[in-house]
Structure formats: C-alpha cells, structure tokens
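Asks: Residue numbers (the numbering used here), protein chains in the order written: chain A, 19 to 89; chain B, 875 to 1502.
1) Out of B:953, B:1477, B:896 and B:1063, which has the shortest C-alpha to C-alpha gap to residue 1343 of chain B?
2) Which of the three DSSP states, helix, strand or coil, is assigned to residue 1240 of chain B?
3) Checking 7 Å against the spacing of the C-beta atoms, do residue 1253 of chain B and residue 1319 of chain B come in under that value?
4) So, helix, strand or coil for residue 1374 of chain B, using DSSP?
5) Which class does residue 1450 of chain B belong to by DSSP, given the choice of helix, strand or coil?
6) Taking the alpha carbon of residue 1385 of chain B as the reference point, which residue from B:1362, B:1464, B:977 and B:1073 has its own alpha carbon closest?
7) Please list, in chain order, all residues of the same chain as residue 1256 of chain B whose beta carbon is under 8 Å from its beta carbon, the five residues on each side excluded.
8) Taking C-beta pairs closer than 8 Å, name the residues in chain A that residue 1075 of chain B reaches, listed in chain order.
9) How would you call residue 67 of chain A, buried or exposed, if buried means at least 16 neighbouring beta carbons within 10 angstroms?
10) Just to confirm, is the Cβ distance from residue 1304 of chain B to residue 1258 of chain B under 7 Å?
11) Exposed or buried, which one is residue 1154 of chain B when buried takes at least 16 other CB atoms within 10 Å?
12) Are the C-beta atoms of residue 1051 of chain B and some chain A residue less than 7 Å apart?
13) With 7 Å as the threshold, decide whether the Cβ of residue 912 of chain B is near any Cβ in chain A.
14) Using three-state DSSP, classify residue 1265 of chain B as helix, strand or coil.
15) Mind checking which residues open and close the alpha helix (DSSP H) that includes residue 940 of chain B?
16) Locate the beta strand (DSSP E) running through residue 884 of chain B, then write down its first and last residues.
17) Would you kindly work out how many angstroms separate the C-alpha atoms of residue 1452 of chain B and residue 876 of chain B, rounded to a whole number?
18) Three-state secondary structure (DSSP) at residue 1197 of chain B?
19) From what residue to what residue does the alpha helix (DSSP H) around residue 1121 of chain B run?
20) Below 8 Å on the Cβ atoms is my guess for residue 1097 of chain B versus residue 1195 of chain B; work out the distance and round it to an integer in Å.
21) Are there three or more Cβ pairs, one per stretch, closer than 8 Å when the region 960-978 of chain B is compared with the region 1128-1140 of chain B?
22) Between which two residues does the alpha helix (DSSP H) holding residue 1334 of chain B run?
23) Report the residue from B:1006, B:1377, B:1041 and B:889 whose alpha carbon sits nearest the alpha carbon of residue 1405 of chain B.
24) Go through its chain and collect everything with a Cβ distance to residue 1285 of chain B's Cβ below 6 Å, but skip five positions before and after it.
25) Mind pulling the chain A residues with CB within less than 8 Å of residue 960 of chain B?
26) If I'm right that residue 1189 of chain B touches residue 1208 of chain B with Cβ under 8 Å, what's the distance once you round it to whole angstroms?
27) Determine the direct distance from the alpha carbon of residue 77 of chain A to that of residue 1085 of chain B, and round the result to whole angstroms.
28) Within the continuous alpha helix (DSSP H) that includes residue 1286 of chain B, where are the two ends?
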C-alpha cells in the first residue's frame, strides 16, 4: 500500500509521536474486549499545557457562507 | 456453461479410534455432527452445485473424493458431481463407478501442471488410500534466508524469531497454492528489516510492529493452508472450517487488496503533497476564506507525475480473518471478520467495509506527508504560530496548508474547551493539538476519503453501508453522536459550497437514515431521534469540523483515483452483452473486473446466506485476471 521508502518511514515516525489507532471497525474499546484502547481515550482527554499565551485563535460567523472563519 | 450453487451441507471426517481408519460423512449441518463429535472430528461446509448428487458412502461401494484448487468453478467441465468449499481446495468432486472414475482421471491429467489436488479412495465411508497431484510431489521447497539478527536486544528477540519462522512456514505452504504471495512476503520482509534498523524509533514500537505482523501472518497461514495436502494432517482452528480451512476466502481478500494497491500506486498522494512545496502560497490566509472563495475552489492536489517512483515497491498488507479484530487495518495488516464466511452477502458484514480500513492507511500517509517528520520539534510549532500570527509569510503552499491544519485542529480544541469564539494557546500548541486530536481528525478524514473515492460521493450507498455495519457492533450506544458526526462530515464534503450547506447535510443524513430498512436496528432509530431533537448541536459540531473537510478537499481528493474505482470494463465483446451477474451462478468469461463495484451491487442483503457469501468470495478470489 505505502511505498516502502520514505512514505512508510514517515508514517511509522508519525505513529511513534501520536500513537497508533487502537481499534478497528469492530471497536474493542466499546466492546470491552481489551484494555489498551483506554490509553487512546485518556490521550484525547489531555489538557493543552502551557501558561504563556502565544496565540489567540478567534473565529467569527461569516454571514455570506455560514462558516466560522478566522479573524 | 453455468454452475449454480443449490444448497449447503457439511463434510465430516472422523477417526473413532486413534489407530483406526478415517471415515467420511456428509451431513445436513454442523449441528447434526455435534452429538457425534470425537477427538479427531473435523468438518467444513460444502456447497452442492446444480449437477451434484449426494453420494451414498455405504457398504463396499468404491468412491473417489477429489479435492482440487484453487480453481474457478467455471473452469471445470460439466458433468461432475461437484461441490464447492471455502478452502484453497475449493472444488470437491465425488466419483463413483468406472465411467466417473475415467472422467475424473482425464480431468486430473489435464490439471497436472496447473492446479494441485488430493484424492481419497473410499470403500464405504472409510479412507483406504489416495494420491496427490504431481505438482505436490515435484514442487521444490521454498528457499529461506538464514535467520537474521534483525532484532538487537532482548525485547525483540522472541517476536523476531517467531516472525522469521512464520515467514518460512508461510512461504513453504503457499508455494504450491498461492505462489504469488512469496514475492509479497519478500517485499514485506525487506521493508521491515530496513525500518527495524531505524535507530530513532524505540524498540518497543518495533515490537508492536512485529506483534501485529505475527498475529496476522499466523492467521493468514493457518486459515489459508489448513486443509491443504495432506488434508488429514493440517487442521484449521476456525472449528466450523477445521477440515478444509478458508483459503479461498483469504485469496478473495488478497485480490481485493491487490486491486486497491494497484490503483493506489497511481494516486501518489505523498509525492503530490510534497509538490505543494514548489508552489507559491495563495495571496491571503486560507483560514479567513470560506469554501466558496476562489482560493479554495482552485486549490487541488497537483497532478500525478507519469511513472513517478515506479521502481519503488509498495508494502503489501498481510491479510487475514479475525473474529476478534474484525475489520481493522494497521500499517502492515488488514483483517476482516470471520462472519464474512456466513454473512458476506449482507450490508452489515460486507467486505465493502474494507475500503474504510484502507482509507485509514491512505489518510495516515497523507497527514504524514503534510506534517513531515519535524512537527514535534519546537521550531516547527514556532514557525506555524508565526505564520498564523502574520509575523512570517509561508514560504510555499505546503507551509500554508500546515498552518491551516493547525487552525482546523484548534477548532476541535475550541469545541473541547467550550470556547467556541476564542481560545488562547501556548507556544507549542501546534504540536500539542496534533498529538491530542490526531486520532479524531484522522477518523473523520478516513470517512471523507472513503466517501469520495470508494463510494463515489453516493450518500445512499455510503449511509447504508456504514450504518448497517455499525449496527452489528455491540455497546456503542454512547457513541451515536460521534458516528452521526463522522457521517455528517463525509456527506458535507459534497455540500461545502452549497447555500446553508450544514443544514442540507443534516437533512440529507436524516433522510438517508429514515430510508434504511434494518430490522430491529440498534442505533439508527436513536440516531434519527438525536438528529431531530438536537439539530443545533449537530449544526454546531459540523461547523467546527468544516476546516477539516476543506483540508480534505484540498489534499485528499484525487479525481483520477476516484474515476478508476468507479470504472467497470467489459471483459470481452461477449461479456459486454451480458447484463449483470446472477447470484450463486458462475458463468464462463465473467470475471469480476472491479471488486468494489461488485460488492456494492451484490452484498446488500439483510439476511445471511452462506451460499451467496461463498459465491461472492469465489468471484472475488478469481477476479481481475492480470490485475489481481
């Protein structure tokens, strides 16, 4: 599926940093069949850390498109 | 000539005493066998064809039972007492009397150089002797490289030895039956060996690859090659298939995966995303522009290069069936549930769900190409924030898309924190947001990828497929909102530039769910109620995810690939005149040229039909000719 050169390496490195998908379509976490999936959930629940504000993301409704766009 | 499947029976082999002879029986069902089950009992379902009679195995009557395969049923001449199975030996012929023996001998002589077989000679119901195809007697053993020290350190040693042994077992057993897998295993082995040498990655990560690969390879090997010669010495641990295994079904999975592989090679997603680096950024910031803006409508993947990287091999996923994993993909493996054998004809268990699993692999490679390797370094977060704050201009379109991706992930964080208008974030927020929201985002993007490429943006078949397949998953009541949002994101791809698009997408999902006819559904009715009762909640949730959907439209849509997956081509002038396939009927010169379209059209039933499932799997196993 992935080319075995850089494409595969890059995906494996990404997985090293963000973790792999724990569950497939038949979701073990939901099915209570295995424990490790819990880690995925706790990772998602992690709060963003850091006191010093470096950026403020603001959005505003664009009436023409109905989208919330960055301002 | 056509061959039609007309009924299901169970072939049983038993040896009542440990030093006795094996006995053969044909029973109505596996249930009829259970009361007599002994230590050596093995069974498999077999399917009667229109020309077949159930042979009487009584008294001193001589019978020959011949197991042949893998062979497409339409390649067998008419007139045989033919049964079909899920095994690599997928054709079983019973012959009684001199005329039938002679016809069988003539057939086996014809197959001598092409197709393996094993024959049992029975007297009454006892196996008294038999023989094997010359292919099995003369086939040279597979050659194996010496054990490599690919694993340094104790953590990987056991898994590595298991992996290399499994590889040798699989190569050896596959050689006479699925010889094409040997080359694929070589590609996998070389790639894995190369990646294991990567010193930047922790050993435990590599252990995870090996464990996944070993589990899949073990299943592939045992499911495929149990029931191959000598049949009586190779037992399958999928117990209802313990006699002949399910090699035909794994061959179908292999062909499905190869079909997608070949076309994926044309897509070149990572290379096309890298090409954004040589393109100038658009004049003003993408995050402040609606989907209808000209900058978005003109932002598409650069065209693929002709023959780019043609010499670089693709990693072949190891395929297998798993009752525990069900439909699941990893970077190295692809699995489907055991239920496919009984119920592959239904929407709930159709192999169509594999396209979602394969979409995950596409999406992961696309995100990896967009982020590149350095996203976890502080300098990357600093750069993205500088672009976001306007203190630095993006050097190219690739950087501008990275900045937009940060905005898309920040919107998810705003929802998480309940700060929908404004949020303050720290200096390494880009890295933190990716780590936190990657899995949520990639799931949504996989749905979008599946919808636009494999479902051709057809909301009816997409909603039918995903909600039917979710309906057989236990305990997901608490996740219905999540599943609604995934569906909405996919459908909204087609409504991004439509006036009141989010409302249109919600109405569309509601209408499609109301149009489903899943008997005693678990989740569809609650989903309809949720969409009606909490419409504003879903409007807001979809609105938060619009940047992700816009990103998908810019970097994940390949019209060339979608068009290839939509195509079916006439196999021959004769075939072009034939309209459609008849369920459970094998007709000569009607190979399936597009497995995805075939499954979409033929696996729409609500009730299990093992005979139709076998027909689907057999068609897929012998589909595609050179493409496979």
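Note that the Cβ used here is the ideal one computed from N, Cα and C, for glycine as well.
From a predicted model like this one, the values you see are computed outputs, not experimental measurements.
Replies: Checking against the coordinates, here is how it stands:
1) Within the second chain, numbered from 1, the residue matching residue 1343 of chain B stands at position 469. Minimum Cα distance to residue 1343 of chain B is reached at B:1477.
2) Taking the second chain and counting its residues from 1, the one referred to as residue 1240 of chain B is at position 366. Three-state result, residue 1240 of chain B: helix.
3) Stepping through the second chain from its first residue, residue 1253 of chain B is reached at position 379. Stepping through the second chain from its first residue, residue 1319 of chain B is reached at position 445. No, Cβ-Cβ distance for residue 1253 of chain B and residue 1319 of chain B is not below 7 Å.
4) As a position in the second chain, residue 1374 of chain B is number 500, starting the count at 1. Looking at residue 1374 of chain B - three-state DSSP - the assignment turns out to be coil, as it is neither helix nor strand.
5) Here residue 1450 of chain B refers to the residue found at position 576 when the second chain is read from its first residue. Only weak support is given to the placement of residue 1450 of chain B: the predicted model assigns it a pLDDT of 42, under 50, and the question is left unresolved by the model.
6) As a working mapping, residue 1385 of chain B is identified with position 511 in the second chain. Of B:1362, B:1464, B:977 and B:1073, the residue nearest in Cα terms is B:1362.
7) Within the second chain, numbered from 1, the residue matching residue 1256 of chain B stands at position 382. Taken in chain order, the residues that qualify are 1301.
8) Here residue 1075 of chain B is taken as the residue at index 201 of the second chain, counted from 1. Within 8 Å Cβ-Cβ: 30, 31 and 34.
9) Within the first chain, residue 67 of chain A is the residue found at index 49, counting from 1. Classification for residue 67 of chain A: exposed.
10) Here residue 1304 of chain B refers to the residue found at position 430 when the second chain is read from its first residue. Here residue 1258 of chain B refers to the residue found at position 384 when the second chain is read from its first residue. Yes, the Cβ-Cβ distance between residue 1304 of chain B and residue 1258 of chain B is below 7 Å.
11) Here residue 1154 of chain B corresponds to residue number 280 of the second chain, with the count starting at 1. Under the 10 Å beta carbon count, residue 1154 of chain B is surrounded by fewer than 16 other beta carbons and is classified as exposed.
12) Sequence index remark: in the second chain, residue 1051 of chain B carries index 177 (1-based). No, its Cβ sits nowhere closer than 7 Å to a Cβ of chain A.
13) Taking the first residue of the second chain as position 1, residue 912 of chain B is located at position 38. Output row for residue 912 of chain B: interface = no.
14) Along the second chain, one-based indexing puts residue 1265 of chain B at 391. Coil, per DSSP.
15) Start at 1 with the first residue of the second chain, and residue 940 of chain B comes out as number 66. Residue 940 of chain B -> not in any alpha helix (DSSP H); beta strand (DSSP E) instead, spanning 936-942.
16) Indexing the second chain from 1 puts residue 884 of chain B at position 10. Its beta strand (DSSP E) spans residues 876-888.
17) Your numbering for residue 1452 of chain B matches position 578 in the second chain. Your numbering for residue 876 of chain B matches position 2 in the second chain. Low confidence applies here, because residue 1452 of chain B scores a pLDDT of 43, under 50, leaving its location unreliable and the question unanswered by this model.
18) Working through the second chain from its first residue, we reach residue 1197 of chain B at position 323. Residue 1197 of chain B falls in the coil class under three-state DSSP.
19) Translated into positions along the second chain, residue 1121 of chain B becomes position 247. Per DSSP, residue 1121 of chain B belongs to the alpha helix (DSSP H) from 1121-1141.
20) For the purposes of this step, residue 1097 of chain B is taken as residue 223 along the second chain, with counting starting at 1. For the purposes of this step, residue 1195 of chain B is taken as residue 321 along the second chain, with counting starting at 1. Between residue 1195 of chain B and residue 1097 of chain B the Cβ distance is about 6 Å, and since that is below 8 Å, they are a contact.
21) no
22) Position 460 of the second chain, counted from the start, is the residue given in the question as residue 1334 of chain B. Its alpha helix (DSSP H) spans residues 1333-1344.
23) As a position in the second chain, residue 1405 of chain B is number 531, starting the count at 1. Per the Cα distances, B:1377.
24) On the second chain, position 411 is the one that residue 1285 of chain B refers to. By the criterion of a C-beta distance shorter than 6 Å, residue 1285 of chain B is surrounded in its chain by 1418 and 1421, once the five residues flanking it on both sides are discounted.
25) Residue 960 of chain B sits at position 86 when you count from the first residue of the second chain. Those within 8 Å of residue 960 of chain B in chain A number zero; the least Cβ separation is about 21 Å.
26) Working through the second chain from its first residue, we reach residue 1189 of chain B at position 315. Working through the second chain from its first residue, we reach residue 1208 of chain B at position 334. So it is not a contact: roughly 11 Å between Cβ atoms.
27) As a working note, residue 1085 of chain B is residue 211 in the second chain. As a working note, residue 77 of chain A is residue 59 in the first chain. Distance between the alpha carbons of residue 1085 of chain B and residue 77 of chain A is about 45 Å.
28) Along the second chain, read from residue 1 onward, the residue named residue 1286 of chain B stands at position 412. Residue 1286 of chain B -> alpha helix (DSSP H) spans 1271-1291.
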